[in-house]
Amino acid sequence: MAMMSGKEYIESLRKLKPRVYAFGERVENVVDYPMFRPHINAAAMTYELAMHPEFEQEMTAISNLTGEKINRFTHVHQSIDDLVNKVKMMRLLGQKTATCFQRCVGLDGLNGVYITTYDMDRKHGTDYHEKFKEYLRYVQDNDLMLAGAMSDPKGDRSLRPHQQDDPDMYVHVVEKKDDGIVVRGAKAHITGTVNAHEIIVMPTRAMGDEDKDYAVCFAVPVDTENITLIFGRQTNDTRRLDGEIDAGNAKYGIVGGETLIVFDDVFVPWDRVFMCGENDFAGQLVETFAGFHRSNYGGCKVGLADVVTGAAFWMAENNGVEKSPYIRDLMAEMVGMAETCWSCSLACSYQGSKTNSGAYTINPLLANVTKLNITRLTYEWMRLAQDITGGQIITLPSEKDLRSPEVGKYIDKYFGGKAGSSTKDRIHMVRLIENMAVGAGLPEALHGAGSPQAQKMMIGRRGDFETKKGIAETIIGVKPDKYFEEITGKTEDEYFAEFRD
Ligand code: SF4
Numbered sequence: 019m020a021m022m023s024g025k026e027y028i029e030s031l032r033k034l035k036p037r038v039y040a041f042g043e044r045v046e047n048v049v050d051y052p053m054f055r056p057h058i059n060a061a062a063m064t065y066e067l068a069m070h071p072e073f074e075q076e077m078t079a080i081s082n083l084t085g086e087k088i089n090r091f092t093h094v095h096q097s098i099d100d101l102v103n104k105v106k107m108m109r110l111l112g113q114k115t116a117t118c119f120q121r122c123v124g125l126d127g128l129n130g131v132y133i134t135t136y137d138m139d140r141k142h143g144t145d146y147h148e149k150f151k152e153y154l155r156y157v158q159d160n161d162l163m164l165a166g167a168m169s170d171p172k173g174d175r176s177l178r179p180h181q182q183d184d185p186d187m188y189v190h191v192v193e194k195k196d197d198g199i200v201v202r203g204a205k206a207h208i209t210g211t212v213n214a215h216e217i218i219v220m221p222t223r224a225m226g227d228e229d230k231d232y233a234v235c236f237a238v239p240v241d242t243e244n245i246t247l248i249f250g251r252q253t254n255d256t257r258r259l260d261g262e263i264d265a266g267n268a269k270y271g272i273v274g275g276e277t278l279i280v281f282d283d284v285f286v287p288w289d290r291v292f293m294c295g296e297n298d299f300a301g302q303l304v305e306t307f308a309g310f311h312r313s314n315y316g317g318c319k320v321g322l323a324d325v326v327t328g329a330a331f332w333m334a335e336n337n338g339v340e341k342s343p344y345i346r347d348l349m350a351e352m353v354g355m356a357e358t359c360w361s362c363s364l365a366c367s368y369q370g371s372k373t374n375s376g377a378y379t380i381n382p383l384l385a386n387v388t389k390l391n392i393t394r395l396t397y398e399w400m401r402l403a404q405d406i407t408g409g410q411i412i413t414l415p416s417e418k419d420l421r422s423p424e425v426g427k428y429i430d431k432y433f434g435g436k437a438g439s440s441t442k443d444r445i446h447m448v449r450l451i452e453n454m455a456v457g458a459g460l461p462e463a464l465h466g467a468g469s470p471q472a473q474k475m476m477i478g479r480r481g482d483f484e485t486k487k488g489i490a491e492t493i494i495g496v497k498p499d500k501y502f503e504e505i506t507g508k509t510e511d512e513y514f515a516e517f518r519d
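Take a look at the structure:
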């Protein structure tokens with residue numbers, strides 16, 4: 019089957035019947051439910067742009083399994099170029115949607131499982147990798163969107179999975195049968211699930227021997243029996259019911275649209291199980307997946323920074339202050355911070371490497387640095403966007419007032435910008451900035467792909483402090499400085515003795 023267009027993707031969702039709840043009610047028609055539709059439109063962009071020749075390099079790839087052209091969101095990276103094109107794709111889609119387009123989590127899951135199952139089979143003599151390649155072929159042939167499900171509810175964070183009072187705080191295997199396994203538990207904060215075709219489930223942390231039942235990885239269709247999806251709320255989410263302006267980005271939403279996924283004794287056939295008890299590989303899968311996802315953030319979030327920077331500049335022009343040295347300084351700051359994060363994403367891609375499986379992975383230290391920078395700098399560039407926009411970002415009347423026959427004329431008059439400009443457009447631009455700079459996008463930049471502590475743990479582990487200590491010791495002469503001796507023709511003792519004498 020060929021790649022799907024945006025429209026075909028949306029129509030493909032109509033064939034699925036996931037058990038979805040939102041606002042206390044069952045949602046039977048996911049596609050036309052107004053609270054979901056902006057997220058669906060954003061995900062549809064990952065399909066639509068792949069159909070356009072001008073985006074072919076970023077949005078498509080050649081499958082290593084079939085030799086066919088596929089959507090890059092189903093591709094296992096085969097080169098450094100693939101890694102670089104992936105983050106270019108993220109920035110492009112961030113610019114086109116100004117929000118989370120969701121499909122990357124599944125992409126990173128596919129790559130993480132591909133790499134890990136290869137290593138697992140070498141050590142344990144299992145056959146997960148070949149089974150996974152079959153599954154990947156199915157995903158590529160049908161251009162499917164996968165929700166990547168990693169975060170468990172975790173209960174008492176000081177306890178390991180098997181120590182929890184309630185064993186369901188982490189997804190675990192409750193039964194092994196001849197034809198498959200039965201799993202129970204939940205995954206929380208999972209992006210894009212209501213509008214995905216499939217869910218790929220991975221462990222959320224490294225697991226010890228006593229946690230073997232929790233070391234499980236599998237894929238299921240989103241409408242599998244006994245799976246329930248409960249949709250999360252976001253700041254100002256119901257504004258999308260109010261029209262086109264107040265939501266700010268009514269076309270594509272605020273963040274990804276996250277769900278709690280409940281697995282209430284879900285059966286998974288063996289051909290869709292890619293880890294079952296190999297606890298010694300749970301940590302590798304988590305790190306590989308997380309590395310990929312953290313490398314993305316200097317792409318997608320920088321695409322968002324491009325939008326908010328453009329919106330702030332628009333506001334400055336509309337206020338007649340675009341030439342003010344203060345505004346120009348703020349604008350330059352915004353661009354400088356965003357491009358710093360972009361440089362990080364490019365660097366961790368260019369410094370990637372080939373894994374045993376033949377697939378390529380990013381440089382994990384630099385990927386974690388990328389995400390850590392995003393956790394800080396997103397707040398900073400959004401703060402500057404708020405500064406440029408002014409206090410109206412939190413005081414504007416509603417779209418209904420703007421359209422009111424009684425008071426609309428006052429809003430049009432008193433909230434206008436420089437002569438000749440449209441007050442409606444101005445209010446809409448303020449709302450876009452509010453949506454991006456005040457709403458759920460901020461904590462998403464902090465906690466998405468793992469909280470800052472998770473990045474610092476990995477950076478700490480890979481920071482190579484011993485080597486750096488040795489470098490410092492060489493500078494003060496605790497260790498021999500071979501090159502200094504070459505330059506001076508003397509040992510350090512001989513060199514300094516001349517000053518002392
Ligand atoms: Fe993709 Fe960024 Fe959304 Fe993660 S936060 S799913 S990388 S768009």
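Convert by adding 18 to the 1-based position in the sequence shown; the result is the number in this note's numbering.
We treat Cβ as the ideally placed atom computed from N, Cα and C, and that holds for glycine.
Just so you know, these numbers come straight off a predicted model, no measurement behind them.
What distance in whole Å lies between the Cβ atoms of residue j and residue i, which are believed to be in contact at a cut-off of 8 angstroms?
{"i": "V240", "j": "A224", "result": "About 28 angstroms; that fails the 8 angstroms criterion."}
{"i": "T246", "j": "R37", "result": "5 angstroms"}
{"i": "I451", "j": "A329", "result": "5 angstroms"}
{"i": "D184", "j": "N244", "result": "So it is not a contact: roughly 18 angstroms between Cβ atoms."}
{"i": "D159", "j": "M21", "result": "Incorrect: roughly 10 angstroms between the Cβ atoms, too far for contact."}
{"i": "I98", "j": "K87", "result": "Going by Cβ atoms, the distance from I98 to K87 rounds to 20 angstroms, so no, they are not a contact pair."}
{"i": "I133", "j": "S375", "result": "5 angstroms"}
{"i": "Y27", "j": "Y65", "result": "4 angstroms"}
{"i": "F249", "j": "V212", "result": "6 angstroms"}
{"i": "P470", "j": "T393", "result": "5 angstroms"}
Select from the options the residue whose C-alpha is nearest the C-alpha of residue i.
{"i": "G354", "options": "S367, A334 and D324", "result": "D324"}
{"i": "G468", "options": "A300, Y315 and Y232", "result": "Y315"}
{"i": "L420", "options": "Y397, I445 and L390", "result": "I445"}
{"i": "V131", "options": "C122, H180, R479 and F236", "result": "F236"}
{"i": "R121", "options": "E86, H190 and A167", "result": "A167"}
{"i": "I494", "options": "E510, P221 and V102", "result": "E510"}
{"i": "A206", "options": "D231, A165, D183 and K195", "result": "A165"}
{"i": "T373", "options": "N244, T117, Y27 and Y136", "result": "Y136"}
{"i": "D126", "options": "L34, M69, I217 and F249", "result": "I217"}
{"i": "P71", "options": "E417, S23 and E503", "result": "S23"}
{"i": "A61", "options": "I199, K442 and L111", "result": "L111"}
{"i": "P287", "options": "L101, E193, I412 and R518", "result": "E193"}
{"i": "L399", "options": "A356, Q369, S422 and L384", "result": "A quick correction: the sequence has Trp, not Leu, at residue 399. Of the listed residues, the one whose Cα sits closest to W399 is A356."}
{"i": "Y153", "options": "G275, T388 and T84", "result": "T84"}
In whole angstroms, what separates the C-alpha of residue i from that of residue j?
{"i": "H95", "j": "G507", "result": "50 angstroms"}
{"i": "Q473", "j": "K141", "result": "28 angstroms"}
{"i": "Y146", "j": "C366", "result": "28 angstroms"}
{"i": "G525", "j": "N337", "result": "The question about residue 525 has no answer, for the chain in this structure spans 19 to 519."}
{"i": "S371", "j": "G226", "result": "28 angstroms"}
{"i": "Y270", "j": "N391", "result": "25 angstroms"}
{"i": "R175", "j": "G478", "result": "20 angstroms"}
{"i": "R480", "j": "T92", "result": "29 angstroms"}
{"i": "I58", "j": "Y501", "result": "60 angstroms"}
{"i": "T208", "j": "V273", "result": "For the sequence presented, residue 208 should be read as Ile rather than Thr. When rounded, the distance between both Cα atoms is 12 angstroms."}
{"i": "G435", "j": "V339", "result": "11 angstroms"}
{"i": "G457", "j": "T117", "result": "11 angstroms"}
{"i": "V280", "j": "D255", "result": "23 angstroms"}
{"i": "G321", "j": "G459", "result": "13 angstroms"}
{"i": "H190", "j": "N103", "result": "36 angstroms"}
So does residue i have its beta carbon nearer than 6 angstroms to some heavy atom of the ligand SF4?
{"i": "Q369", "result": "no"}
{"i": "V238", "result": "no"}
{"i": "N129", "result": "no"}
{"i": "N314", "result": "yes"}
{"i": "T388", "result": "no"}
{"i": "F119", "result": "yes"}
{"i": "G166", "result": "no"}
{"i": "V123", "result": "yes"}
{"i": "T92", "result": "no"}
{"i": "G468", "result": "no"}
{"i": "T492", "result": "no"}
{"i": "G275", "result": "no"}
{"i": "C318", "result": "yes"}
{"i": "T209", "result": "yes"}
Three Cβ pairs or more, each shorter than 8 angstroms: is that satisfied between the region 374-381 and the region 300-320? Taking 8 angstroms as the limit for Cβ pairs, the verdict is that the region 300-320 does touch the region 374-381.
Contact between the region 47-54 and the region 250-267 (3+ Cβ pairs under 8 angstroms): Remark: three or more beta-carbon pairs, one from each stretch, lie closer than 8 angstroms, so the region 47-54 and the region 250-267 are flagged as touching.
Could you say if the region 343-360 and the region 283-294 meet the contact criterion of at least three C-beta pairs nearer than 8 angstroms? A contact is defined here as three or more CB-CB pairs under 8 angstroms, and the region 343-360 fails this definition with respect to the region 283-294.
Check whether the region 404-423 and the region 477-495 are in contact - that is, three or more C-beta pairs closer than 8 angstroms. Here the region 404-423 does not lie against the region 477-495, with fewer than 3 beta-carbon pairs under 8 angstroms apart.
Is the region 424-436 in contact with the region 460-467, if contact means three or more CB pairs nearer than 8 angstroms? Because the criterion of three Cβ pairs below 8 angstroms is not met, the region 424-436 and the region 460-467 do not touch.
When you compare the region 263-280 with the region 99-109, are there three or more beta-carbon pairs, one atom per stretch, that lie closer than 8 angstroms? The answer is no - the region 99-109 does not touch the region 263-280, with fewer than three Cβ pairs under 8 angstroms.
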